[in-house]
Structure formats: C-alpha cells, structure tokens
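Since the structure comes first, as structure tokens, the remarks are kept for the end.
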Amino acid sequence: MSVQGVVVVPRGTLGARVGRGVVDWIPAAAVLVLGILAWEGLVRGLDIQRFLLPAPSAILDTLWERREELQAAGIYTFTEALGGFVIGCTLAVLAAIVLARFRSFGRALMPFAIAANAVPIIAFAPITNQWFGPLEKTSKMAIAAILVFFPVLVNTLRGLTSVRPQSIELMRSYAAGEIEIFRRVRIPSSLPYLFSALKVATVLAMIGAVVGEYFLSSQEALGFQIRNSAALFQFELAWAAIVVASVLGILFYSSVALVERLTMSWHPSSRAD
Amino acid sequence: MTTDAAAVSITDLSKRFVRGDVLALDRIDLDVQPGEFVSLIGPSGCGKSTLLRIIGDLIRPSEGAVLVNGKSAHQARLDRDYGIVFQDAVLYDWRTVVKNIALPLELAGWDRKRRDTRVREMLELVELTGFEKHHPWQLSGGMQQRVSIARALSFSPPLLLMDEPFGALDEMTRERMNNELLRIWQETLSTVVFVTHSIAESVFLSTRVVVMSARPGRIAGIAEIDLPQPRSPETREDARFADHITQVRRLLRKGHALDAPEEDETPLYVAEEGL
Amino acid sequence: MSSAAVARPIVEPRSVGLLPALRNAGLSLLVLAVGCVLWEAYKWLGERLELTRPFPVNGRTMPHVYDMVGQLFEPSRRNGPLLIDVLLDAAAFTAKEAAAGFLLGAAVGFAIAVVLSESKLLQRGFLPYIVASQTIPILAIAPMVVIWVSPKLPESLAGWGAVAVISAYLTFFPVTINTLRGLQSADPRAVELMRSYAANRWRILWKLRIPASFPFLFTALKIAAPAAVVGAIIGELPSSIQDGLAGAILNFNQYYITSPESLWATNIIAAALGILFFVVVALAERLLVRRAPENVA
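Residue numbers (this note's numbering), protein chains in the order written: chain W, 14 to 286; chain S, 6 to 280; chain P, 265 to 561.
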C-alpha cells in the first residue's frame, strides 16, 4: 500500500463537498423525471387499462387522499421490519464472532449457512404464523429475522476472517492473545463487510415483513392493504401502498448507508477518487 | 538486557515444513552480539524470512534451539523483547499515526500520559512530527515505514527484527531510509537482525553480513564489514565499500544464490501456522 | 431470498479429490444430525417446562423430526398417492419454472451489466433504480405481472410463463450487481496491455473483462439459483397454479391443525429444491472456473 507523495484530505468548504455529491446524482434524477413523464404519457396515450399500470398522477392522488391510513400501515409494517432486522442482525453477528473464533466449526457450518439461505422464505410464513399467531407482529418479525440472518452471518464471518497474515504476526509479536487480536484487528477490519451486509439486510427485512403479511396478517398491515386493494380492483391504492413499502425500504437502506459513511470515514471506499 | 549473553543465540536449527515436505533451514548456527547490526541475505526461498520469524517465535523450529536475550524465543516474545518491521508497513487504516504507534503500548497496559509522551518521542526520532492525526493512506510508502519503525521501537525493545522493510520503496527513498535507520540505531543502541535482498544495503548497514545459500538454507559464509562507524552517506564512496560488496557477492555465488530458481516460502508458513 | 451486493466473491477453499469431498459431506450430515437432536431436545424440554415464549411448544408447533420425514411416506389424503410422490411432482413442476426463470434472469442480468459497464453515466442514471426495484415487494407485483404477461405468451407456456418471469425478476438483480463489479475488476494494467495491442473496446470486453468477471458471475449465480426457486413459488400464488409447490404449501397450511407434519414435510422438500439448485450451480462453478487461492488469515 505505497502511495507516492503525501495525500492531503481536502479540507475544502462544505459547499464544495456537497456540491460534488449532488452532481453525481443528476443522471439518476434525470432518469427518474424522464421515467415518470414517459409512464404518464404512455398510460394516457395508449389508454392502458387501469389495473395494469395506473398513471403516476392517479397514484399520487391516492397517496395524498389515503395518506393517514397508508402512513399508519407503513409504520406498522416498518416496526416489524425493524424488529426483525435488529434480532436477525444481532444473532448473526454473534454467531459470526463465535464461528470466527472456532474456525473448524465455522468451516463445517459454512455450506449449511449458504444452503440454508437457499430455503424459500415462503416456506416459513405459514410456520411462523402457526407459532406466533398470524395477527401478531412477531410472526412477521420472525420472517424478517430469518431472511436477514444468513446473509449477515456469511458476510460478517468473511470479514472477520479476511485479515492479512502479517497483521496477525504483528499482534503475536506483541504477545497479544486471541481476544486482543479479535478486538483490535478482526472486528475493525470486518466493519466494511458488516455494513455491506447490513445494507442488504434492511431491504430484506422490509420484504420479509411485507411478504409475511401477504399470507395472513392484521388488517393494519401494509401487505394486507396491498393484497386487499388489489382484490377489490382498487389498483391505484394497491400501487400507492407498494410505493410506500418501497420508499420505506429505500429510506431504511439510506439511513444505514449514512451511518456507514459517518463511522467509516477512514475506509478507502468513502474517500475521494 | 543481560550483559555477556548473546542477544540472539541459534544452535543447530532446522526447519522442515510438513506441507510440501520442504527443508527450509538446515542446521543453522549463529550468534548475534548485543548492539550488532546483522544482515541476512540470500536468494528467495533460502529461509531468511523463516529464520527471522523463528527468532521471533512466530514459527516453531523443527530441531535446534533459539535463545533470545538469554531466554527461550517463546519467553522473549511474551516479554516483548523485540520489535518487528515487515516489508508491508501493516498499519491499521482505522487508526491515526499516533494510535498506530501506541498500539503495542496499549497492549502492554501503559497509561495514557506515558503513552502520549513516548509516542511524541518516537515521532521525533523518525522525524514525523506534525503528522500525528494523519491516517496511513495519507502517507507515502517511506513515511509509512517510518511509522512502522516508530511503532516497533516504541517500547524500547533490545532487539529489532526487520524483514526487507525497504523492499517496496524506490532506490532514492531506500537510500534515505537506510541513512535514517542507521541514525536511529545509533541513538537507540538496539541489536538489529535485518533481512534483505540488496547487497549494497546489507554492506552499508551492517557490522556483519550473514550470507545464506539456496534452499535448503545454510549459512554459506559471514562477511565482517569493518567500515568505520558511525557510517554516513559518504561511506558508500569508500573504496572498501566496493570490496565488501564483491566479498558478499562471492559468498552468494558460493551458496548457489545466483543460479538458484526462485521460490516463495510465504504460503508454506502461512498454512503451517494456521494464520 | 439472499444477499445481493456482496463485498467480494465468496471463495471456498478448494479441496481437491474424493477424500476431502467425502469428509465434507460427512461433516454436513453430522451437522444435520446435531440439528435434529437439538430440535428434539428443545421440544422435549419445552413440553416438560410448558414454555410459551418465544412460542408455545407442543405437538402442533413442533412435530417430531421423524414424524415429518415419516409423513412423506404416508398417503397425502385418504386413499390417495403417497405424500412424497405428490411433493416430488410439485417440486418438478416448480423446478421447471425456476430453471426457466433462472436462465432468463441470468441472461438479462448479464446483458444489463455489460451495457452498464461501458458507461459511468448510464450507471449513475440507472443503478439506483435497479437497486430500488428489489425494494418493491415482489408478491405485490406478481398478480399484475401475471395479468400482463400471460395473454402475450403462446399456448404451451401460458400456464407457467408468467411465473418464470417473476422468478427472473428475483434472479437478475444479484447477477447484474456482481457481474458489473466483475467486469470492472480487470487490472488496469491488463487493460493497458490490450490497448497496446490496438484492441478496440469490444475486443477488450470480450477477451478481458468478461472472462475476468466469471468468478463474480458464479458467486452471483449461486445466490440467484435459490432466489429463482423462491420467485417461482411466489409467482405461482397469484397464478392460481395448483400443480406446484406453492399450491402444496397453501394446501397443507389449511390442514395444519389435523396434520402439521405434512406442512413441515412440504417445507423440507421446498428447501431441498432450493439447495439442489444451489448445488448444481456450485458444481458447475467447480468445473468451469479456476481461481487463485486466497492468502488471508
């Protein structure tokens, strides 16, 4: 890791830093605007049937009209997702730490972790409903937690075990024990991997909650809203609820990404390039 | 530091790696006196890095004995009797320069004040005052190595082990770092065991150059470098400098260093030590 | 469903030869056995102590493992075929949809990645939406996809074509993200070398970037394979397809009170299908991709 010359972190003005970040987003914003306009145009121009793809304007209207119930449903579902996220990630990180410590154990279980990840989540929904009751939030939290557990475990374990041998040799030269090595080297160097996994977990947790609700749930839930309104042919409302679910997922993802940016300012991926 | 014991005493040392059934070192006998600067030079795969790591108790020998500072290598490591510098600076990105240097001190349980004072002294020693809050990636290769050296010396170990520390640097930076290292050695009076590929570097820095043969590693010969101390950049222009270089080169040739195939022993000891 | 944007491709240590493979298989069976033992132990303990947290433990919530497996060899309904026959038929049906969806999604994902790799502008413009597409609950969109796609398909595909599309929807994302990373992973010096041979953009793509992306591609395919199965099962629900695993799950969910083992047995088969897809791709990877061993601790 040999950098020629001293690289000084630009302590430029806040405006300059923000400005550069904003410019990066212009293409995406452009695509969004063009996409929505095209959508609106197509729906009106080709007179596409309502239930396939309502016009954005219709969806926005419905979002506004029904904002209170949509907001309540969104919060209800989000708490399920958040609960599942916290439980699943905590368990996964703890498991990863244990498996990193007892390496052969970890090697034996790895194929299982990856294969268990392959189990269709659909299979779990009826079971958690039976365990916790379909109207309870816990049944959906459980689905979210299960969905989240394995990706976080696999990625965190990978991060904990991807340390340069010389780093370990260095710590041994200081007569550091396994615990010290863990604390001072493995855990900090696994943070990039952990955050990568957490970001994916946010999306999975939301999806888990909504999918779980689709099967059978309280009427207050977003998934129920989507299914119910679709069944009643109220497609603008269904799409509005879908938009809420999607936006919540994106916000959840972005907040974790923000935390990552703040805590890992030292990492190559967040430096200027 | 015990006075009449050798700093490092290696007796009849052999190392065989199980994987690949490789005899890396073959009956090495070597004594390093306190205050000496000894270089280990030889072709790739001759076992010099392995030997260095055995001295540091990072690899176990198959046969033979190693005493460091009069104790077993294992005890010496637990007592933190040596500091080690690798070719890669191995600094932690998430720590500033100050925190990187303080790492061994934290592990040794020094309190905050004592740590801060010592780190400041070390930064002065390696001439990096002013870079306290920098992160490793903001420094050049040479500067990173200086931090690595500061860290290795932070707890004033009597012995310094260095594994091709300047190998990744360009020639000019390398010469500058050599001058720096000599200055630091003269200030701290530690014993140094220095692994290198460069004949000129070994002659410039050392009091003795130990030349190793191609695998299996044996000592092909030892060159006493009687150039005057303290050395300076002008020493390179001394006529005897070139003679010593020739002397080392002849020993390398004797150990078949110059027609040996290239080998890399890193994967062997990484696998063996379960790192 | 599984993780999408991994930090690096997951590389398992390559054990060459039969003996290590057998040992790994033996280890896996051992772990499975331990899992079953833990299940039975928790059940035994839970029933003795009458645990109600986190969930009540009784014969309905936790059937015996051997009952679950045994149920496979019972008739699925009075005077009907064996459960295992029913489930294997359903699994085969779903597998067909999943395989089609997997291939479709992998192809589309790869193509999108190739297009995006050539232009940073396109990436900035479209990647956020590709990522956002996965935040839309597929289950919600599925009915609409079915209504939209089915009429457009030829007669032979009409039943399950839409399901394959939904399966492809879940497949393409990990393939796109990982392939894109793989296409961009070529050593800049290798690219410079190609330029020195006066290779044009397409040649560089074909001869350098695409081969360089294979390890990443296969990592993605291993993630995408089970996702394709999940997508297929989800897709069957709104299509009112009875012949697949989704139908079986819904069916036995209804009869859970009388026969909880049947639902669990169904889940075992569904899990096995997902794992089977994964294993097939992993084997293909072993055969097709050569990777340098890693040097990490």
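The beta carbon of each residue, even a glycine, is placed where N, CA and C say it ideally should be.
Within the DSSP bridge table, the entry for Lys76 (chain S) names S:Val73 as partners.
In terms of Cα proximity to Leu527 (chain P), the closest of P:Thr443, P:Ile348, P:Ala428, P:Val410 is P:Ile348. Residues of chain S with a Cβ closer than 7 Å to the Cβ of Tyr187 (chain W) are, in chain order, Arg85, Pro109, Leu112. Only Ala254, Ile255, Val256, Ala258, Ser259, Val260, Leu261, Gly262, Ile263, Phe265, Tyr266 from the region 253–272 of chain W bring a Cβ to less than 9 Å from some Cβ of chain P.
A Cβ-Cβ separation of about 16 Å leaves Gly226 (chain S) out of contact with Leu30 (chain S) under the 8 Å criterion.
Interface with chain W (8 Å Cβ-Cβ cutoff): Val95 (chain S) is included. Nearest C-alpha to Ser231 (chain W) among W:Val46, W:Ala51, W:Leu47, W:Thr90: W:Thr90. Three or more Cβ pairs closer than 8 Å define a contact, and the region 96–114 of chain W meets that threshold against the region 210–219 of chain W. DSSP places Gly88 (chain S) within a strand segment (E or B) once states are collapsed to three.
Here Leu96 (chain S) has Asn105, Pro141, Gln149, Val152, Ser153 as same chain residues with Cβ atoms under 7 Å from its own Cβ, once five neighbours each way along the sequence are excluded. Within chain W, the residues whose beta carbon sits less than 8 Å from that of Ala510 (chain P) are Ile135, listed in sequence order. In the structure shown, the three-state DSSP call for Ile239 (chain W) is helix. A residue is called buried once 16 or more other Cβ atoms fall within 10 Å of its Cβ, and Val23 (chain S), having fewer, is exposed. Ala243 (chain W) and Leu403 (chain P) have their C-alpha atoms some 12 Å from each other. Phe115 (chain W) counts as exposed, since fewer than 16 other beta carbons sit within 10 angstroms of its beta carbon. DSSP places Ile227 (chain S) inside the beta strand (DSSP E), whose first and last residues are 224–229. Only residues of its own chain outside the window of five on either side were considered, and among them Ala426, Val429, Ile430 have a CB closer than 7 Å to the CB of Val409 (chain P), listed in chain order. Between the alpha carbons of Ile134 (chain W) and Thr101 (chain S) lies a gap of roughly 44 Å. Look at Ala244 (chain W) here: in three-state DSSP terms it is helix.
Taking 8 Å as the cut-off, the Cβ atoms of Thr443 (chain P) and Ala377 (chain P) count as close. The Cβ-Cβ distance between Ile60 (chain S) and Leu158 (chain S) does not fall below 8 Å. Gly225 (chain W) sits away from Ala131 (chain W), with the two beta carbons spaced by 8 Å or more. Annotation for Asp36 (chain S): no alpha helix (DSSP H) segment contains it, though the beta strand (DSSP E) segment containing it runs 27–37.
Nearest in C-alpha terms to Ala85 (chain W), of all of W:Ser267, W:Glu249, W:Ile263, W:Phe237, is W:Phe237. A straight-line Cα-Cα distance of about 23 Å links Ala496 (chain P) and Leu336 (chain P).
DSSP places Thr101 (chain S) in the coil class of the three-state scheme, outside both helix and strand. Any Cβ of chain W closer than 8 Å to the Cβ of Gly389 (chain P) would place that residue at the interface, and such an atom is present. Between Val553 (chain P) and Phe436 (chain P) the beta-carbon gap is near 21 Å, outside 8 Å, which marks them as no contact.
Rounded to the nearest angstrom, the gap between the Cα atoms of Trp77 (chain W) and Leu261 (chain W) is 16 Å. Residue pairing by DSSP puts Leu166 (chain S) in a beta bridge opposite S:Ile89, S:Val198.
Contact of Pro201 (chain W) with chain S by beta-carbon distance below 9 Å involves Tyr97, Asp98, Trp99, Arg100.
According to the DSSP assignment, Val224 (chain W) belongs to the alpha helix (DSSP H) that extends over 200–228. Residue range 384–397 is occupied by the alpha helix (DSSP H) that includes Lys384 (chain P).
Within chain P, the residues whose beta carbon sits less than 8 Å from that of Tyr227 (chain W) are Pro401, Leu403, Ala404, listed in sequence order.
In this structure, DSSP gives Pro407 (chain P) a helical state, which the three-state scheme calls helix. Against chain W, a Cβ distance below 9 Å from Leu385 (chain P) picks out Pro40.
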